[in-house]
Amino acid sequence: MPSYTTADIRNVLISGHGGSGKTTLVDAMLFASGAVNRKGSVTDGSSFSDFEKEEKEHGHSIFSCVLHCDHQGKRINFIDAPGSPDLVGAAYAAMPAVETVACVVNAQNGIEVVTRRVMEAAKERNLPRAIIINKIDMPEIDLESLVSRIQDTFGAECLPINLPSDGGKKVVECLLGSEGASDFDTVKRCHAAILDQIVEMDENLMEKYLGGDEPDFSALHPAFEKAMDEAHVVPILFTDAKAGVGVMELLDAIVKHFPSPLEGNLRPFVYGEGEDEKPFPYNGDPNRPLLAHVFKVTTDPFVGKLAIFRVHQGKCSGQSQIYIGHNKKTIKLGHVFHLQGKEHKEADFVIAGDIGAVAKIEDLHTNDVLHDDHALDSVHLKPQVFPTPMYGLAITPKARGDETKLSVQLSKIAEEDPTFKWHTDRQTHEVVINGLGEMHLRLVLERLGNRGLHVDTKPPKIAYRETIQTKSEGHHRHKKQTGGAGQFGEVYLRIEPMERGGGFEFVDEIFGGAIPGQFVPAIEKGVRELLDQGAIAGYPLQDVRVIVYDGKHHPVDSKEVAFKTAGKYAFKDAVLKAKPVLLEPIVNMEVTVPEDKMGTITGDLSGKRGRIQGQDFIGGGMAMVKAQAPLSEVMQYQSQLKSVTGGQGSFAMEFSHYEPVPPQVQQMIAAQYKPKAEEE
Ligand SMILES: Nc1nc2c(ncn2[C@@H]2O[C@H](COP(=O)(O)OP(=O)(O)O)[C@@H](O)[C@H]2O)c(=O)[nH]1
Ligand SMILES: [Mg+2]
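If you use this note's numbering, the sequence shown corresponds to residues -3 to 676, in order.
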């Protein structure tokens, strides 16, 4: 067994916008705690966290990385996440593995796109949060107004538990102490503010405190931790990760105040399927059956496939025989590891609350549940919401014959990255890759290149959809006499629009055996064929209900194929009469730019058929514009933004919904559509 227990563990996700100093901070904490004997640095490629070849080349994090240190007899696991808006999926994917999300804020840039994203995502997932304001050494920063902006944006419960002092050369405690000089505000006031907030969690504490007693700080932890669990407190701490200021104090706060696995909020594990689904009542007892969740898989150059998991209950070792979800077959783990960046340290046990890894088990995939008791067969984590990747590229291998290799590698990358998707377009036969932005896909292409796969790229087709706007009737009679046996089938149907996102429904209302039951599936098959092919511009139809209610058959000549054709063309007949429209994907955009560029950005977005939904000065000389725009207009936004702001802005884009395209756009697209000549 390890020297620490479940109660001694702290799991912290270090997230926030790129360049805020997350990786530097993790390197600083590892060094300060003595976990490593030199201080890693992102600037010279010696970071323990940014160890991948691509990360060193680009000079920033691309993947999430698991590291740990021991401090005051406690084990702290860190997950250092990349901070580019394009790579935010890595932070979301790691959230089920931690009790606390620490969001690092750049003292110079203030609240940025990813700051908001992770703060909101953690809140939605019911995860305690902390805010670390880093780079307090930078010149011309206004920390006091940054704190109030944070409170305006994320709530008054964001309260400093220390403050910078001596011009940012050190920090002064204001939770456990009330004395000392600070660079802004006063320790006394901050001390009172945070205590006021915490004592609300505990009546006894409250009574004493109101009676004028200072609470017993050694007994403060339960109330503080509970306040974090309930988002009643979001502690703010200050650091200069480069110089190591506030780093020891941060480690102290993590072990003293942050929730342990026994205290933090439960992750949403459920069991049973469909309507029988119930929350699964697990706890961090290492002696109960194993419940572990794979939150990341990666390909390691030395050990091959590496699955990184969080143990939520029970424990495992190299000897453990485990099941993966529903699988009946047991698997021996072989070896289990603790991770320190690229280093794998063999572990005797990975106990409840801890993070571990196992190598070379090809059957293990992201989101798998490992357990050792059939009672847990159907336990799984409720599916998490990830941003839908909308940014696309069509790719073809430069070398002929590389198609299979390409699909193998793309599948691997998709498994390692929940916000990367790929598919082969049914019409163009192009391989289309989708990511959150240009940079995301550039990194994917690079990774393919590193694996010997070079591809040509071009913009893919937009994923338009078709739908109908009114009810209508359709009819088709299919009759064919070719030499011997004939074909006969006749179908009457009705169609009606369903609400957006409703998909497709097929209803059989055929009365009195007008069409024998055995042919109904063939009709549906024909209908679905058109659903796939579309009726006006070759895009899939959606949000339509098809009700087949009458027809005719022939005792000899009626065949499935005849009803399939009749179904398809009756449906087409109906669609063309139901005011069909083309739908286009609309994305939510969040653009952060220097204040003086705000007008240019809103003007530019309006010109792109965008709707401005809000604009805000967010401090630090920056403004944020929220808008919705058709994807087809903002496909190249990365380069457009760059040219408008001289490289200063950043943006995030995610799928929102489908909307009808303007009539002239529909006409243009439909005119380009040349349906394959088809024999009826
Ligand atoms: N002045 C100063 N620079 C810092 C600090 N923390 C990080 N940096 C620098 O900021 C840059 C980005 O740091 P990095 O750790 O990669 O940021 P990340 O993208 O959030 O992981 C690097 O050049 C760091 O050396 C800090 O506290 N003060
Ligand atoms: Mg980093």
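Glycine included, every Cβ here is placed at the ideal spot set by N, Cα and C. Just so we're clear, the structure is a prediction, and the values are computed from it rather than from any experiment.
{"Asked": "Sequence-ordered residues whose beta carbon comes within less than 5 angstroms of a heavy atom of ligand 2", "Found": "Lys18, Thr19, Ser57"}
{"Asked": "Simplified DSSP assignment, three categories, for proline 671", "Found": "coil"}
{"Asked": "For glycine 547, the residue or residues it bridges with in DSSP", "Found": "Val487"}
{"Asked": "Helix, strand or coil at arginine 605 [DSSP, three-state]", "Found": "coil"}
{"Asked": "heavy atom of ligand 1 below 8 angstroms from serine 37 C-beta", "Found": "yes"}
{"Asked": "The segment 301 to 316 in contact with the segment 345 to 360 per 3-pair CB rule at 8 angstroms", "Found": "yes"}
{"Asked": "Ranges of the alpha helix (DSSP H) found wholly within the segment 51 to 133, counting only runs of at least 4", "Found": "85 to 90, 109 to 120"}
{"Asked": "Simplified DSSP assignment, three categories, for proline 285", "Found": "coil"}
{"Asked": "Cβ pair count under 8 angstroms reaching 3, the segment 88 to 100 against the segment 114 to 131", "Found": "yes"}
{"Asked": "Tyrosine 535 (DSSP reduced to helix, strand or coil)", "Found": "coil"}
{"Asked": "Boundaries (first-last residue) of the alpha helix (DSSP H) holding lysine 401", "Found": "399 to 412"}
{"Asked": "Proximal residues to glutamine 632 (C-beta, below 7 angstroms), its chain only, five neighbours per side dropped", "Found": "none"}
{"Asked": "Counted within 10 angstroms of its Cβ, other Cβ atoms place alanine 152 as buried (16 or more) or exposed", "Found": "exposed"}
{"Asked": "Distance CB(glutamate 505)-CB(isoleucine 543) smaller than 9 angstroms", "Found": "yes"}
{"Asked": "Reference arginine 396; option with closest CA among Phe515, Asp452, Ile351", "Found": "Asp452"}
{"Asked": "Unbroken stretches of the beta strand (DSSP E), 3 residues or longer, contained in the segment 10 to 42", "Found": "none"}
{"Asked": "Extent of the continuous beta strand (DSSP E) run through leucine 172", "Found": "Per DSSP, leucine 172 belongs to no beta strand (DSSP E) and is neither H nor E."}
{"Asked": "Burial state of histidine 334, where buried means 16 or more other Cβ atoms lie within 10 Å", "Found": "buried"}
{"Asked": "Counterpart residues of histidine 474 in DSSP-defined beta bridges", "Found": "Gly485"}
{"Asked": "Continuous beta strand (DSSP E) stretch holding glutamate 650: start and end", "Found": "646 to 656"}
{"Asked": "Histidine 340: CB within 8 angstroms of a non-hydrogen atom of ligand 1", "Found": "no"}
{"Asked": "Whole-Å CB distance - isoleucine 409 paired with proline 581, under 8 angstroms assumed", "Found": "The pair is not a contact, with the Cβ atoms about 23 angstroms apart (cut-off 8 angstroms)."}
{"Asked": "Any non-hydrogen atom of ligand 1 closer than 8 angstroms to aspartate 76 Cβ", "Found": "yes"}
{"Asked": "Near ligand 1: leucine 46 beta-carbon under 8 angstroms from a heavy atom", "Found": "Checking the displayed sequence, the identity of residue 46 turns out to be aspartate instead of leucine. Under cutoff, so the answer is yes."}
{"Asked": "Given glycine 55 as reference, the closest of Asp40, Cys61, Phe44 once Cα atoms are compared", "Found": "Asp40"}
{"Asked": "Any non-hydrogen atom of ligand 4 within 8 angstroms of lysine 165 CB", "Found": "With respect to ligand 4, the structure offers nothing, as its ligand set consists of ligand 1 and ligand 2."}
{"Asked": "Neighbourhood of lysine 252 by C-beta, 7 angstroms cutoff - its chain only, sequence neighbours within 5 removed", "Found": "His217"}
{"Asked": "Runs of alpha helix (DSSP H) lying entirely within the segment 129 to 165, each at least 4 residues, in chain order", "Found": "139 to 150"}
{"Asked": "Cβ neighbour criterion (16 or more within 10 Å) applied to serine 141", "Found": "exposed"}
{"Asked": "Close Cβ partners of glycine 12 (< 7 angstroms) along its chain, the five nearest in sequence each way excluded", "Found": "Lys18, Gly79, Cys99, Val100, Val101, Val110, Thr111, Val114"}
{"Asked": "Cβ pair count under 8 angstroms reaching 3, the segment 322 to 333 against the segment 32 to 52", "Found": "no"}
{"Asked": "Rounded C-alpha distance that separates aspartate 192 from proline 231", "Found": "13 angstroms"}
{"Asked": "The segment 315 to 327 in contact with the segment 385 to 402 per 3-pair CB rule at 8 angstroms", "Found": "no"}
{"Asked": "Candidates Ala3, Thr384, Ile597, Pro671: closest to phenylalanine 651 by CA position", "Found": "Thr384"}
{"Asked": "Spatial neighbours of glutamate 675 in its chain, beta-carbon cut-off 7 angstroms, leaving aside the 5 residues before and after", "Found": "Residue placement at glutamate 675 is poorly supported in this model, since its pLDDT is 48, which falls under 50; the coordinates still yield a value, given next. Cβ within range, chain order: n/a, list empty."}
{"Asked": "Contact test: histidine 436 Cβ vs ligand 1 heavy atom, cutoff 8 angstroms", "Found": "no"}
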